[in-house]
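Participant:
2 protein chains.
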Amino acid sequence: MSTKTIKDMVDQVPDLVICGRSLADFLADIEAFHGFLAPGVVLGGLMVDQAQEKVGPGVEADAVVETCRCLPDAVQIFTPCTAGNGWLKILDWQKFALTLYDKGTLLGYRVWLDLEKARRAPHIYNWYMGLVPKKDLPLEVLLDTIIKARRSVFSCVPVRVTRLYGKREKGEIKVCPSCGEAYPALQGDQCAACQGQGYYEPRE
Amino acid sequence: MSTKTIKDMVDQVPDLVICGRSLADFLADIEAFHGFLAPGVVLGGLMVDQAQEKVGPGVEADAVVETCRCLPDAVQIFTPCTAGNGWLKILDWQKFALTLYDKGTLLGYRVWLDLEKARRAPHIYNWYMGLVPKKDLPLEVLLDTIIKARRSVFSCVPVRVTRLYGKREKGEIKVCPSCGEAYPALQGDQCAACQGQGYYEPRE
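For the protein sequence lines, the chains are A and B, in the order given.
When you read off a place in the first sequence, starting at 1, and then add 25, the result is the number in our numbering.
When you read off a place in the second sequence, starting at 1, and then add 25, the result is the number in our numbering.
1) Within the continuous alpha helix (DSSP H) that includes Tyr190 (chain A), where are the two ends?
2) So what's Glu165 (chain A) in DSSP terms, helix, strand or just coil?
3) Determine whether the beta carbon atoms of Cys95 (chain B) and Gly196 (chain A) lie at a separation below 7 Å.
4) If you check the beta carbons only, do Arg185 (chain B) and Leu131 (chain B) fall under 7 Å apart?
5) Pull out every residue of the region 137 to 149 of chain A whose Cβ sits closer than 9 Å to any Cβ of chain B, in chain order.
6) Closest to Trp137 (chain B) by C-alpha separation, out of B:Arg145, B:Ile102, B:Val182, would be which residue?
7) Residues in the same chain with beta-carbon distance under 7 Å from Thr170 (chain A), minus the five sequence neighbours each way, listed in chain order, please.
8) Along chain A, which residues have their Cβ under 7 Å away from the Cβ of Gly155 (chain B)?
9) What does Asp98 (chain A) touch in chain B if you count any residue whose Cβ is under 8 Å from its own?
10) Beta strand (DSSP E) containing Asp50 (chain A): first to last residue?
11) Can you list, in chain order, the residues of its chain with a C-beta nearer than 7 Å to that of Thr28 (chain A)? Leave out the 5 residues immediately preceding and following it.
12) State whether the region 118 to 133 of chain B contacts the region 75 to 83 of chain B, with contact taken as three or more CB pairs (one from each stretch) at a distance under 8 Å.
13) If the cut is a Cβ gap below 7 Å, which residues of chain A does Cys95 (chain B) touch?
14) Within 10 Å of its beta-carbon, does Asp36 (chain B) have 16 or more other beta-carbons around it, so buried, or fewer, so exposed?
15) Contact between the region 45 to 63 of chain B and the region 97 to 108 of chain A: three or more CB pairs below 8 Å?
16) Going along the chain, which residues of the region 202 to 220 of chain B sit with their C-beta nearer than 8 Å to a C-beta in chain A?
17) Quick one, which residues of the region 39 to 72 of chain A are near chain B if we go by CB-CB under 9 Å, in chain order?
18) Does Trp118 (chain B) get closer than 7 Å to chain A when you measure Cβ to Cβ?
19) Which chain B residues are close to Ala88 (chain A), counting only those with a beta carbon under 7 Å from its beta carbon?
20) Could you please give me the residues that DSSP links to Glu226 (chain B) through a beta bridge?
21) DSSP state of Arg176 (chain A), grouped into three classes?
22) With a threshold of 6 Å, establish whether the CB of Arg94 (chain B) neighbours any heavy atom of the ligand FMN.
23) Could you tell me the boundaries of the beta strand (DSSP E) in which Val136 (chain B) lies?
24) Is the CB of Val184 (chain B) under 7 Å away from at least one CB in chain A?
25) So the beta strand (DSSP E) Lys199 (chain B) belongs to, where does it begin and stop?
26) Quick one: what's got a C-beta closer than 6 Å to Gly69 (chain B)'s C-beta in the same chain, skipping five residues either side?
27) Checking the sheet assignment: what are the DSSP bridge partners for Leu123 (chain B)?
28) Can you round the beta-carbon distance between Tyr208 (chain A) and Gln119 (chain B) to whole angstroms, since I take them to be within the 8 Å contact cut?
29) Tell me the residue span of the alpha helix (DSSP H) that contains Lys284 (chain A).
30) What did DSSP end up calling Leu211 (chain B) once you bin it into helix, strand or coil?
31) Closest by CA to Leu113 (chain A), which one among B:Cys93, B:Ile102, B:Lys114, B:Gly111?
32) What's the gap between the Cα of Ala210 (chain B) and the Cα of Cys216 (chain B)?
33) Roughly how many angstroms lie between the CA atoms of Asp40 (chain A) and Ser47 (chain A), to the nearest whole one?
34) For Gly45 (chain A), count neighbouring C-beta atoms within 10 Å of its own C-beta (all shown protein chains included) and say buried if the count is 16 or more, exposed if not.
35) Check Leu68 (chain B) in the structure and name its three-state DSSP category.
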């Protein structure tokens with residue numbers, strides 16, 4: 026079997042529109058932001074596309090992703106929601122799922138990689154479950170499977186968001202007596218770093 | 026006092042280069058990604074600029090930010106590090122600080138908004154500490170103060186990163202008996218959502 030190139034894949038579906046752009050632009054935007062064509066971001070972009078269509082045009086939608094891997098970038102590339110503007114919340118649950126919802130009504134749609142459906146696209150299933158070494162599944166083969174499968178490997182249900190929505194209040198700010206930096210009073214008498222959670226040590 | 030427009034600010038410093046671009050492009054890139062010209066992202070971009078200069082050119086740098094607000098976007102706009110590609114780690118400490126470090130040697134620089142220094146730029150101090158209502162501090166005045174202050178309100182020290190670096194292993198994946206979705210075995214007998222941490226409820 027000869028392996029398709031990305032260009033072959035793009036030429037195959039000239040009319041495909043994902044997140045408002047052609048497949049070529051969709052893939053280019055992923056590479057530009059994420060740094061490389063990660064299968065997880067391509068899948069994620071298709072999930073965003075489905076959620077956006079369900080939520081409908083003209084709705085100001087906020088987002089939740091249930092993993093730190095890939096999905097935050099799919100949302101940040103294809104919606105106005107970013108980690109830093111607060112419209113995207115990132116849960117570290119390692120579940121390949123995302124929700125877009127109307128920030129006014131809190132009604133939205135959750136889309137996830139459905140393992141039972143993914144079994145019918147074994148490359149996707151094996152890749153996601155870590156059942157095949159990277160060298161045995163070339164990126165082009167996996168991407169071609171993902172593009173062909175499109176929404177057939179996802180499930181999507183309407184949901185009402187019950188927490189994590191809205192702007193988080195900043196709360197009372199204190200100055201840490203150890204490091205002199207501002208931190209939320211809620212954390213206690215010292216900031217998190219001075220309480221021992223630091224990730225760095227000084228060097229000269 | 027007449028308020029300066031963004032254009033006035035840009036025209037004032039035609040030779041200023043921040044994160045490899047003119048002030049006009051720097052501000053335009055922030056607005057395009059973040060959705061609006063947030064003072065926190067402008068400050069964050071100046072912090073990234075200082076950290077990048079210290080780390081030096083040609084170094085593959087990973088990043089840590091110590092707040093979910095604004096700083097994740099400053100890093101994502103001006104470095105190759107994103108939330109979804111794993112090169113940016115986001116701590117929810119609400120500290121206005123970031124670290125860029127060489128991913129090979131783990132040596133880098135931490136830059137933070139230094140409150141004592143910020144006192145000399147009262148608009149920045151008052152804004153950050155929440156001491157002035159938004160309506161009393163026009164965005165243009167605050168931005169002008171930030172651009173003029175530049176690095177004078179930051180401190181920067183060399184650090185060695187001691188945790189949070191590198192790729193996190195995916196670990197064993199299980200299928201949740203309740204929802205049928207994949208999740209990390211470490212979380213227990215059910216996934217986080219089925220354990221009661223869910224943020225949504227189904228609707229018809």
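All C-beta atoms, glycine included, are put in the ideal place defined by N, C-alpha and C.
Facilitator: Taking the geometry as given:
1) Numbered from 1 along the first sequence, position 165 holds the residue referred to as residue 190 (chain A). From DSSP, Tyr190 (chain A) is part of no alpha helix (DSSP H); its letter is neither H nor E.
2) The residue labelled residue 165 (chain A) in the question sits at position 140 within the first sequence. Three-state result, Glu165 (chain A): helix.
3) In the second sequence, residue 95 (chain B) corresponds to position 70, counting from 1. In the first sequence, residue 196 (chain A) corresponds to position 171, counting from 1. Contact flag unset, no.
4) Counted from its first residue, the second sequence places residue 185 (chain B) at position 160. Counted from its first residue, the second sequence places residue 131 (chain B) at position 106. Yes, Cβ-Cβ distance for Arg185 (chain B) and Leu131 (chain B) is below 7 Å.
5) Trp137, Leu138, Asp139, Leu140, Glu141
6) If you number the second sequence from 1, residue 137 (chain B) lands on position 112. The option with the nearest alpha carbon to Trp137 (chain B) is B:Val182.
7) One-based indexing of the first sequence puts residue 170 (chain A) at position 145. The answer, listed in chain order, is Ala146, His148, Ile149.
8) Working through the second sequence from its first residue, we reach residue 155 (chain B) at position 130. Chain A residues near Gly155 (chain B): Lys195, Ile198.
9) Here residue 98 (chain A) corresponds to residue number 73 of the first sequence, with the count starting at 1. The answer, in chain order, is Thr107, Ala108, Gly109, Asn110.
10) To locate residue 50 (chain A), count along the first sequence from 1; it is residue 25. No beta strand (DSSP E) holds Asp50 (chain A); the alpha helix (DSSP H) holding it covers 48 to 59.
11) Numbered from 1 along the first sequence, position 3 holds the residue referred to as residue 28 (chain A). Excluding residues within five positions, the ones whose Cβ falls inside 7 Å are Pro163, Glu165, Val166.
12) yes
13) Residue 95 (chain B) sits at position 70 when you count from the first residue of the second sequence. Those are Gly109, listed as they occur along chain A.
14) The count along the second sequence starts at 1 and reaches residue 36 (chain B) at position 11. With fewer than 16 Cβ atoms within 10 Å of its Cβ, Asp36 (chain B) is classed as exposed.
15) yes
16) Gly205, Glu206, Ala207, Tyr208, Pro209, Gln212, Cys216, Ala217, Ala218
17) Phe58, His59, Gly60, Phe61, Ala63, Gly65, Val66, Gly69
18) Numbered from 1 along the second sequence, position 93 holds the residue referred to as residue 118 (chain B). Chain A, which has a Cβ nearer than 7 Å to the Cβ of Trp118 (chain B), makes this yes.
19) By one-based count along the first sequence, residue 88 (chain A) stands at place 63. Here the premise fails: no neighbours, minimum Cβ distance about 12 Å.
20) Counting from 1 along the second sequence, the entry for residue 226 (chain B) is found at position 201. BP columns for Glu226 (chain B) point to A:Arg185.
21) Reading the first sequence from its first residue, position 151 is the one you call residue 176 (chain A). Three-state result, Arg176 (chain A): helix.
22) In terms of ligand content, the structure shown is empty, and the ligand FMN therefore cannot be addressed.
23) As a first step, residue 136 (chain B) must be located in the second sequence, where it is residue number 111. Counting along the chain, the beta strand (DSSP E) containing Val136 (chain B) begins and ends at 132 to 138.
24) To locate residue 184 (chain B), count along the second sequence from 1; it is residue 159. So, interface residue.
25) One-based indexing of the second sequence puts residue 199 (chain B) at position 174. First-last of the beta strand (DSSP E) with Lys199 (chain B): 198 to 200.
26) Position 44 of the second sequence, counted from the first residue, corresponds to residue 69 (chain B). Excluding positions up to five away in sequence, the list reads Cys95, Leu96, Ala99.
27) Walking along the second sequence from the start, residue 123 (chain B) turns up at place 98. Leu123 (chain B) is bridged to B:Val90, B:Val136.
28) For this step, residue 208 (chain A) is matched to residue 183 along the first sequence. For this step, residue 119 (chain B) is matched to residue 94 along the second sequence. Yes, Tyr208 (chain A) and Gln119 (chain B) are in contact; Cβ-Cβ is about 6 Å, under 8 Å.
29) Past the edges of chain A, shown from 26 to 229, lies residue 284 (chain A), and the structure says nothing about it.
30) As a first step, residue 211 (chain B) must be located in the second sequence, where it is residue number 186. Looking at Leu211 (chain B) - three-state DSSP - the assignment turns out to be helix.
31) Within the first sequence, the letter at position 88 stands for residue 113 (chain A). Answer by Cα proximity: B:Cys93.
32) Along the second sequence, read from residue 1 onward, the residue named residue 210 (chain B) stands at position 185. Along the second sequence, read from residue 1 onward, the residue named residue 216 (chain B) stands at position 191. So the alpha carbons of these two residues sit roughly 8 Å apart.
33) Along the first sequence, read from residue 1 onward, the residue named residue 40 (chain A) stands at position 15. Along the first sequence, read from residue 1 onward, the residue named residue 47 (chain A) stands at position 22. Roughly 7 Å between the two C-alpha positions.
34) As a first step, residue 45 (chain A) must be located in the first sequence, where it is residue number 20. Its Cβ having fewer than 16 others within 10 Å, Gly45 (chain A) is exposed.
35) Numbered from its first residue, the second sequence carries residue 68 (chain B) at position 43. Helix.
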